[in-house]
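Worksheet for the structure shown next.
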Amino acid sequence: MNWLGWHAKAAGMSNNRSNTGTVDVDGLTYIWELQREPQWSDDEGWRGMAIRLLQKDTQREASIEFPAPKRLMKGLPRGRLQIDDATLSRGVRAALAAGWDPMSRGRPMLFMVDAEGN
0 MNWLGWHAKA AGMSNNRSNT GTVDVDGLTY IWELQREPQW SDDEGWRGMA IRLLQKDTQR
60 EASIEFPAPK RLMKGLPRGR LQIDDATLSR GVRAALAAGW DPMSRGRPML FMVDAEGN
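Under numbering that gives the first Met the number 0, the first residue of the sequence shown is numbered 0, with each subsequent residue one higher.
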C-alpha cells in the first residue's frame with residue numbers, strides 16, 4: 000500500500016491491533032504505520048520493529064526503529080506485536096528531540112529508540 004493509501008486508511012483510528020493509526024502528541028496528530036516487524040538479517044542479526052511516522056498535513060517522514068525483542072534472540076516464538084499510544088508518543092517525541100522537523104523537506108529520517116520508545 001502506498002503512502003497515500005495508508006494515510007487515508009489510518010485517518011481517525013488508533014489501536015494496538017492495527018498496523019496503521021494516528022496518535023496525538025502535544026496537540027498535533029501523527030499518522031503511523033508498521034513498516035517492518037522484527038526480522039533476521041544475515042548481515043545485522045535480529046533487527047527490531049520499525050514504525051513510519053508522518054505529522055498530519057506535512058511531508059517529511061521519519062522512521063523509528065526499536066530493538067529486537069529479547070525473546071527472539073533466545074530462540075522463542077515471535078508472538079503478536081503490541082503497539083500502544085504511549086510508546087508511539089514517546090517515539091515521536093524522541094524523533095523530534097533528535098532533529099526531525101516534519102515541516103521540512105527531504106528524505107525520511109531514521110531514529111533508533113529503546114523498547115519504551117525513548
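In this text, a Cβ means the ideal position worked out from N, Cα and C, and glycines have one as well.
These figures come from a predicted structure and were not determined experimentally.
query, result
"How about Ala114 and Pro37: are their beta carbons less than 8 Å apart?", "no"
"Are the beta-carbon atoms of Gly98 and Val112 separated by less than 8 Å?", "no"
"Within the continuous beta strand (DSSP E) that includes Gly47, where are the two ends?", "Neither: Gly47 is in no beta strand (DSSP E) and is coded neither H nor E."
"Using beta carbons (cut-off 8 Å, strictly below), is Ala61 in contact with chain B?", "Structure shown: chain B not included; a single protein chain is present."
"Check Met12 in the structure and name its three-state DSSP category.", "In this predicted model, Met12 has a pLDDT of only 44, less than 50, meaning its place in the structure is not dependable; the value taken from the coordinates is given anyway. It is coil, neither helix nor strand."
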